[in-house]
Amino acid sequence: MSEQQYLPTPTDVGRFYDQMGPFFAILWGENIHYGYWHGPDDPSSDAEAQERLTDLMIDYTRLQAGQQLLDVGCGTGWPAIRLAQVTGGKVLGITISQTQVQQANERARNAHMNDQVQFQHADAMQLPFEANSFDAAWAFESIVHMPDRGQVLCEIARVLRPGGRLVLTDIVETTPMADEQRNFFLTSFMLNSLTTLEHYPHLIRQAGLDLEKLRDLKTNTQPTIARLNEALLHKAVAIRDQYGPELLAMMIQSLPVFAILQREHLSYIILVARKPVTFSA
Ligand SMILES: C[S@@+](CC[C@H](N)C(=O)[O-])C[C@H]1O[C@@H](n2cnc3c(N)ncnc32)[C@H](O)[C@@H]1O
Numbered sequence: 021m022s023e024q025q026y027l028p029t030p031t032d033v034g035r036f037y038d039q040m041g042p043f044f045a046i047l048w049g050e051n052i053h054y055g056y057w058h059g060p061d062d063p064s065s066d067a068e069a070q071e072r073l074t075d076l077m078i079d080y081t082r083l084q085a086g087q088q089l090l091d092v093g094c095g096t097g098w099p100a101i102r103l104a105q106v107t108g109g110k111v112l113g114i115t116i117s118q119t120q121v122q123q124a125n126e127r128a129r130n131a132h133m134n135d136q137v138q139f140q141h142a143d144a145m146q147l148p149f150e151a152n153s154f155d156a157a158w159a160f161e162s163i164v165h166m167p168d169r170g171q172v173l174c175e176i177a178r179v180l181r182p183g184g185r186l187v188l189t190d191i192v193e194t195t196p197m198a199d200e201q202r203n204f205f206l207t208s209f210m211l212n213s214l215t216t217l218e219h220y221p222h223l224i225r226q227a228g229l230d231l232e233k234l235r236d237l238k239t240n241t242q243p244t245i246a247r248l249n250e251a252l253l254h255k256a257v258a259i260r261d262q263y264g265p266e267l268l269a270m271m272i273q274s275l276p277v278f279a280i281l282q283r284e285h286l287s288y289i290i291l292v293a294r295k296p297v298t299f300s301a
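Per the numbering used here, the very first residue in the sequence shown carries number 21; after that it's consecutive.
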C-alpha cells in the first residue's frame, strides 16, 4: 500500500473531534463507533447496534469488579461508563480532544459514576502512566487515527500489568483501493493509515503481547456507513444549522462513496491480546 499524502498529527485529530463533536452527536448520539448487526435482516437501530458492539468489547475484557481499565481514545465517555456499570470495574479514559475530556467527565458526573470513571487529556503515542498500572485496556476504534500502531501497542503493553488484556477494534483494508480513494477516506475522517487483518498477528507479537482472538466483523458491521448516510439525510437540517450548507453538501456527496468503499475494500476487526506473565518487549 502506498503512503497517503497528508498524515494528521494527534493535535490535528484532537481539533477534528473538538470541531466535529456535534456532527457525531447529532447523527450517532453517545457513541462514536460502528454498530454490530446480527445479519442483513437485523432491524436494530444504529444505537442498539452500537451498544451491542460495546457489549462485545466489555465481554472480551473480562474485567472484574474493582479492576481498572485504560480506555485509549475514549470519545465522549459513554462506552467507558457502560463498561464500569456492567462490570463494577474502574476506568481511566484518555482522548486527544480537550472538548471530549470535558464532555466525558460531565457525562460521568451526570451518571453518578465519577468515582469509578475519570477522563483526561493524553496522547496514546506516549502514555503518561507507570509500567504495569492497568488490569486491562481497550482501544475502541481509535488506533486508526494514530501515527504509529506499533508504538501505541508497545505503550499499551508497557502500562498493562502482566496477564492484563487488551481489546481493540480497527478498520482494515481487505482489497487495495486506488490511492485517491484511500486518501479521500483517510483525510475525510482524519485517519492516519489502514493496515490489514493479516498484519495484526505481527503487530501484536512485536509489542510483546500474545494474540488470543482475532475476528473479522465485516458482515456484522457492514451496514454502518450506509446507515450513517441515512441518518445524515434525516438530520440534514440540524447538520446544516450547525456547520453550514457547504459541509452538509460535501457530506451528502461523500458518505455514499464511503459506503461503497466499505462494502468493496474495507472490513472491521476485533481482537483480544494478553500481556504474558513474563513480559519482554
Ligand atoms: C472514533 S472515536 C471513538 C471514541 C470511543 N472509543 C467510542 O467508541 O465512542 C476515536 C477516539 O480516539 C481518540 N484519539 C485519536 N487519536 C488519539 C491519540 N493520539 N491519543 C489519544 N486519543 C486519541 C479521539 O480523540 C477519539 O476520542
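Glycine included, C-beta positions come from ideal geometry on N, C-alpha and C.
- Between I176 and E250, the alpha-carbon positions lie close to 36 Å from each other.
- Q171 has its CB no nearer than 6 Å to any heavy atom of ligand 1.
- The stretch 165-175 and the stretch 195-214 touch, with no fewer than 3 CB-CB distances between them shorter than 8 Å.
- Going by DSSP, Y288 is part of the beta strand (DSSP E) stretching over 286-294.
- Between F160 and M77, the gap from beta carbon to beta carbon is short of 7 Å.
- With fewer than 16 other Cβ atoms from the protein chains shown falling within 10 Å of its own Cβ, H219 counts as exposed.
- Three or more Cβ pairs closer than 8 Å define a contact, and the stretch 46-63 falls short of that threshold against the stretch 104-116.
- Under the three-state reduction of DSSP output, F160 falls in the strand class.
- T119 has its Cβ no nearer than 6 Å to any heavy atom of ligand 1.
- For D32, the enclosing alpha helix (DSSP H) begins and ends at 30-48.
- Within the stretch 90-148, the beta strand (DSSP E) runs of at least 3 residues that lie entirely inside it are, in chain order, 110-115, 137-141.
- P99 is positioned such that its CB atom lies closer than 7 Å to that of T74.
- By the CB criterion at 7 Å, L252 and L275 fall inside the cutoff.
- Between I191 and A293, the C-beta gap is not smaller than 7 Å, which leaves the two residues out of contact.
- Apart from sequence neighbours up to five positions away, the residues of its chain that approach R181 with a beta-carbon distance below 8 Å are N152, S153, F154, D155, K295, ordered along the chain.
- 7 Å or more divides the Cβ of Q226 from the Cβ of G184.
- Within a 10 Å sphere around the beta-carbon of L173 sit 16 or more other beta-carbons, which makes this residue buried.
- For T241, the closest C-alpha among the options A67, R202, I259 is that of A67.
- Here T298 carries a coil assignment [DSSP, helix/strand/coil].
- In the pairwise beta carbon analysis, the stretch 264-283 is classified as not touching the stretch 79-93: fewer than three pairs are separated by under 8 Å.
- Taking 6 Å as the cut-off, one finds at least one heavy atom of ligand 1 near enough to the beta carbon of P99.
- Each residue's CA atom was taken as its position, placing D143 and T195 some 31 Å apart.
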